[in-house]
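When we follow full-length UniProt numbering, the leftmost residue of the sequence shown carries the number 1, and every step to the right adds one.
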Amino acid sequence: MGLLGDRCKTLHVGRHQKHQKWSRHVSPAVTVSSGDVVTFDAIDGSNGQIDKQSDKSVFNSFDFELADPVFGPVFIRDAEPGDVLRIDVLSLEMTDWGWSAIMPGFGLLADEFPDPDLKIWNLRPETGYAVFKDGVHIPLRPFLGIMGVAPAMDGEFSTIPPTDAGGNVDCRDLTVGTSVYLPVFVPGALFSCGDGHAAQGHGEVCGTAIETPLKATLRFNVCKNQPWVTAPHYQTAPETTQIYQIADRGRYTTMGIDSDLLEAAKKAVRYMIQWLVATKGLGRNDAYMLASVAADLQIAELVDVPNFAVTMSLPLNVFV
């Protein structure tokens, strides 16, 4: 392993070492050196308000102020403002359950889905997929929805919206094998993470993925002289063979066109829901949640003003 590997060590951040706001004044949970590895035991994004026995009545008393806790922070020696923190995602261990929900007032089509709904998933990580319902399998692709560092500004900031410091980016590409690069704004960087997901489509359109507790193993390295990193960057590893293998059957894609980019995205999702209801026998709530955990939003065209085109595509091999 060599001298550097021999010096590196592994530390642990437990579920009790969490905070609800980004702040440069949160005391570190652990202190590490560049090259060290940290394991995190992260509860789900509901912060324990939802469990295996929950039903949609949980939203009668759900407290959004408690949602999306982050675990840490980790102080990395020699990380100074202007540096870049590289985070290598080494492993992500799932548990046996998760949840997806439609929450009143939350999600891309919140006005069209005012009533709450909750799906509890039975996860069997050894199979490589989760069963949405008979004949619909969702490949498991765990990742942390939140990875971020403390902001430069004084004050306390919500963990829900992302910023240039990272945070709740909800990007499904930040999975095992990916290296994430975050600009450092405060001494020690003060990195925290959380919001485990078992699977998600790009866009997370109903507001939730398959939310689940995760045990994450991350390695930290301080990078000097990388001034081009002023917001989150990442590099993915080559695709490897998944546990759950099924032939590619192409994708069904809907397109939203509008002079407002957000409205174009809403149209693409709306059309996907209509297609799923009409051709796959799903109810509207199920179609909305399926789009959130398995379908991908993408900007197809931005230059032919005044209208923009956004697509939503769903891999057809989820229908087994």
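We treat Cβ as the ideally placed atom computed from N, Cα and C, and that holds for glycine.
Do residue i and residue j have their C-beta atoms closer together than 8 Å?
i: L214; j: P142; result: yes
i: P104; j: F64; result: no
i: G194; j: P69; result: yes
i: L38; j: F308; result: Leu is not the amino acid found at residue 38; the sequence shown has Val there. No; because the gap between Cβ atoms is not below 8 Å, this pair is not in contact.
i: A189; j: A79; result: yes
i: G250; j: L144; result: no
i: F185; j: I87; result: no
i: M312; j: I102; result: no
i: V32; j: P73; result: no
i: A198; j: M272; result: no
i: V180; j: D83; result: no
i: I146; j: T127; result: no
i: R270; j: V277; result: no
Looking at the secondary structure, which residues open and close the alpha helix (DSSP H) in which residue i lies?
i: V269; result: 261–280
i: D88; result: Note, D88: premise wrong, no alpha helix (DSSP H); beta strand (DSSP E) at 84–94.
i: A67; result: Where A67 is concerned, there is no enclosing alpha helix (DSSP H), given that its DSSP letter is neither H nor E.
i: V293; result: 284–294
Closest by CA to residue i, which one among the options?
i: W275; options: T230, A291, M103; result: A291
i: C206; options: N122, L109, K224, M272; result: L109
i: F319; options: V30, T311, Y252, D260; result: Y252
i: G45; options: A268, T31, H19; result: H19
i: T178; options: A216, S57, T208; result: A216
i: Q200; options: T31, L297, E239; result: L297
i: D248; options: P139, D111, L92; result: P139
i: I50; options: I210, H12, C8, F113; result: I210
i: G203; options: V293, N47, E263, Q245; result: V293
i: V236; options: V89, Q17, I146; result: Per the sequence shown, residue 236 should be read as Thr rather than Val. The candidate whose alpha carbon is nearest that of T236 is V89.
i: L261; options: H137, V310, K9, E156; result: V310
i: F157; options: K21, R270, V30; result: K21
i: N225; options: P81, S61, S34; result: P81
The beta strand (DSSP E) spanning residue i covers which residue range?
i: M312; result: 308–315
i: M103; result: Counting along the chain, M103 falls outside any beta strand (DSSP E), and DSSP gives it neither H nor E.
i: Q235; result: 233–235
i: W121; result: 117–124
i: C223; result: 214–223
i: residue 375; result: No answer is possible for residue 375: it lies beyond the span of the chain, which begins at 1 and ends at 320.
i: K133; result: 129–133
i: I246; result: Run containing I246: none; DSSP gives neither H nor E here.
i: R15; result: Note, R15: premise wrong, no beta strand (DSSP E); not H, not E.
i: R186; result: One detail in the question is off: residue 186 reads as Val in this sequence, not Arg. V186 -> no beta strand (DSSP E), and no H or E assigned at all.
Next on the checklist: Counting beta carbon pairs with one atom in the segment 151–162 and one in the segment 114–127, are three or more of them shorter than 8 Å?
Outcome noted: no
Next on the checklist: Under 8 Å, with one C-beta from each stretch per pair, do the segment 131–147 and the segment 300–307 reach the 3-pair mark?
Outcome noted: no
Checklist entry - Do the segment 157–169 and the segment 227–234 touch if we need at least three Cβ pairs shorter than 8 Å? => result yes
Next on the checklist: Assess contact between the segment 170–184 and the segment 255–270, defined as three or more Cβ pairs (one per stretch) separated by less than 8 Å. Is contact present?
Outcome noted: no
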